[in-house]
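Residue numbers (this note's numbering), protein chains in the order written: chain R, 24 to 576; chain L, 67 to 236.
This is the structure in structure tokens:
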């Protein structure tokens, strides 16, 4: 994991001090809310329905036990004892007092964390594959480049008042677990014809009101040129992105209105015009220094199979189910990655109590090489666990009630906070997610259904990524009443696709029964148990599922 | 509204002349980009200081042939959320090597002064009672930078490299 040096440390300390001054001016009335807004937003502070919300950056989703314990401390001291992990691998606190946020920022700086650029119209926290460094299917570890992008984008003087927010994701693996095709810029590490590793650059993906799949603007850019090429994209966007309508201000609209070819031409022209002294080139020693922090930990030489694990699986069917659903393949024999699904029945997806954070920190320290990741599915992941230790990890997770066995399944729902917390929202998300989760209360049935991504957003801003769920649920307001539109056919992986709205919205209480009919139809129509719902829909089209959706009894 | 040049309050000797209006006989004047581009021969032939006011959507590249004859370029922040002038300023300074004054006008907030200084502005019109104090505070709020910009190329990345080289030399 990257460790701050004196320079990184100085910056986050100065930032905390700066925000303390700004909050003092706000509380004294010297600073109007209107002028305070952009300042607080760039520190992750939103004004929500009931209170301020504080979003803390977890760069590329990586935490250590020390950091996670500090988040638990913040949850207890400044909030109501829990936090909410988000689809952008960050954590939010929903009940914090403005006057206490500067103290919380100081506490974060103590563990090399911050809330810089977690909101506002700037380059946001860079996200990545939650299995980076552990995955057997990655070209190389993308995290050094995530960290380099984090540093380059922090307080960028030119790109701090963009037309709209800007999200960058990096992956080096197929399948794509970082959803790079639905980001403002997605970077896919790959080799060119000469075998050199660089980046494919996708631009203009995104969800929200107008969902788009990102377009490949450059098939390959070298590591050396990456930051300069990003600057060229950012400058074209900053100068030419629309500012007349915030719903048309994301880069996807610019790319779409200019057309792919013209956008590419403008970026390439800007890139070619950069003077030598305008290039953002890191000394190779500096790249090496940052990369060294992500060197593989000292793995033991172990057999590929664990007798202890196999015995535990044979002895306990609940444990067996959990291992089947929540373990992910690791590149080193004898190791596995463990999904901690923060989606037990009846809880807001992504919510985590301070006690659970401490439990996860303890487990990671004892069994997980002190590495914890936040996945964009709003789960936690322990990327490096010995197979021999899996039974002990499960026992410890169970003691903390963190042993939901549903990773990647029907009840592992992504949902935004919705109308319960958010002042943008039109409808409740958590309650509808909970009712859909209840369809999968029977574990055997849930396993029988298999891989299924259901995503819920409470409004068209799409924080719950409803466009890319195999089944998407979108809350809308019709004359003061909540309705839910259902989408089919979305996916966020390397075959990224935007789901299609099926028809008229359903009432809150109609959603779960309607989806039950859709899932029953899928079970009738699939050719085998391994055919995912998304694949059955691709094979047969959406019509039979739409018919089931609206076939009320 | 106070005008700060390099952080000190100064008198504003510049007057903007609207398109279509007669130029006053003396003093320093700024004109729009369109007017400058159509009348630059006459404007630059007069023995007086000429400046140009760019709109946020104007392309600074159009001024490139004339930059060594211009004394002021005014850039605008119609709202503090509109950051196009940051790119215009960086282009003028770093791509086209403009040395004259770059002045920020419009909604200039003290909390964005640091970004302006970094992007190459050396003058700001700012609605603050203690303008010099506010400027001085904002200019020194941060001591380190990751990005090279118009104010410094001594970035954190370069400082780290220097430290490594010094250590290696020992």
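We put the beta carbon where it would ideally sit given N, CA and C, even for glycine.
Which ranges would you report for the alpha helix (DSSP H) in the segment 32-117 of chain R if only whole runs of at least 4 residues count?
56-64, 88-101
Return helix, strand or coil for residue 150(R), following the three-state DSSP convention.
DSSP places residue 150(R) in strand when its eight states are reduced to three.
Could you have a look at residue 408(R) and say whether DSSP puts it in helix, strand or coil?
strand
Less than 7 Å between CB atoms is the rule here; does residue 72(L) satisfy it with respect to chain R?
no
Name the residue from 442(R), 135(R), 465(R) whose alpha carbon lies nearest to the alpha carbon of residue 479(R).
A check of alpha carbon separations from residue 479(R) across 442(R), 135(R), 465(R) identifies 442(R) as the nearest.
Using a C-beta cutoff of 7 Å, does residue 208(L) count as contacting chain C?
The displayed structure is made up of protein chains R and L, and chain C is not among them.
How should residue 192(R) be labelled, buried or exposed, when 16 other C-beta atoms within 10 angstroms of its C-beta is the threshold for buried?
With 16 or more other Cβ atoms within 10 Å, it is buried.
Less than 7 Å between CB atoms is the rule here; does residue 121(R) satisfy it with respect to chain L?
no
Selection from 569(R), 513(R), 29(R), 44(R) that minimises the alpha carbon distance to residue 528(R)
569(R)
Residue 533(R): which of 552(R), 426(R), 462(R) sits nearest, CA to CA?
462(R)
Of the choices 226(L), 194(L), 103(L), whose alpha-carbon is the least far from that of residue 127(L)?
103(L)
What does residue 121(L) touch in chain R if you count any residue whose Cβ is under 9 Å from its own?
Near residue 121(L) there are no residues of chain R at all, since even the closest Cβ is about 12 Å away, more than 9 Å.
Partner residues on chain R for residue 165(L), Cβ-Cβ distance less than 9 Å:
Chain R residues near residue 165(L): none, gap ~15 Å exceeds 9 Å.
Proximal chain L residues relative to residue 308(R), where beta-carbon distance stays under 9 Å:
226, 227, 230, 231
Would you please verify whether the beta carbon of residue 82(R) is less than 7 Å from any beta carbon of chain L?
It does not: the Cβ of residue 82(R) has no partner Cβ on chain L nearer than 7 Å.
Just the C-alpha distance for residue 274(R) and residue 494(R), rounded to the nearest angstrom, thanks.
26 Å
Run of the beta strand (DSSP E) containing residue 193(L), from where it starts to where it stops:
Where residue 193(L) is concerned, there is no enclosing beta strand (DSSP E), given that its DSSP letter is neither H nor E.
Could you work out which residues of chain R lie near residue 172(L), taking near to mean beta carbons separated by less than 7 Å?
Going along chain R, no residue has its Cβ under 7 Å from residue 172(L), so there is no contact; the nearest lies around 12 Å.
Supposed close pair residue 387(R), residue 154(R) - CB separation, criterion 8 Å:
Not quite, the Cβ-Cβ distance comes to about 15 Å (not below 8 Å), so this is no contact.
Would residue 242(R) pass as a contact of residue 201(R) if the rule is Cβ separation under 7 Å?
no
Candidates 483(R), 38(R), 157(R): which alpha carbon is nearest residue 355(R)'s?
157(R)
What's the call for residue 448(R), buried or exposed, on a 16-neighbour Cβ count within 10 Å?
buried
Would you tell me roughly how many angstroms separate the C-alpha atoms of residue 41(R) and residue 202(L), rounded to the nearest one?
14 Å
Around the Cβ of residue 212(L), are there at least 16 other Cβ atoms within 10 angstroms (buried) or fewer (exposed)?
buried
Return the first residue and the last residue of the alpha helix (DSSP H) that residue 553(R) is part of.
Looking at the DSSP string, residue 553(R) is not in any alpha helix (DSSP H), and its letter there is neither H nor E.
Taking Cβ-Cβ distances below 7 Å as the criterion, which residues of the segment 242-273 of chain R are in contact with chain L?
258, 261, 262, 266
Residue range of the beta strand (DSSP E) that includes residue 478(R)
477-480
Residue 168(R): buried (16+ other C-beta within 10 angstroms of its C-beta) or exposed?
buried
Identify each residue in the segment 52-74 of chain R for which the Cβ-Cβ distance to at least one residue of chain L is less than 8 Å, and report them in chain order.
Residues of the segment 52-74 of chain R with a Cβ closer than 8 Å to any Cβ of chain L, in chain order: 58, 61, 62.
Which chain L residues are close to residue 296(R), counting only those with a beta carbon under 8 Å from its beta carbon?
161
Could you check whether residue 231(R) and residue 205(R) sit closer than 7 Å to each other, using their CB atoms as the reference points?
No, Cβ-Cβ distance for residue 205(R) and residue 231(R) is not below 7 Å.
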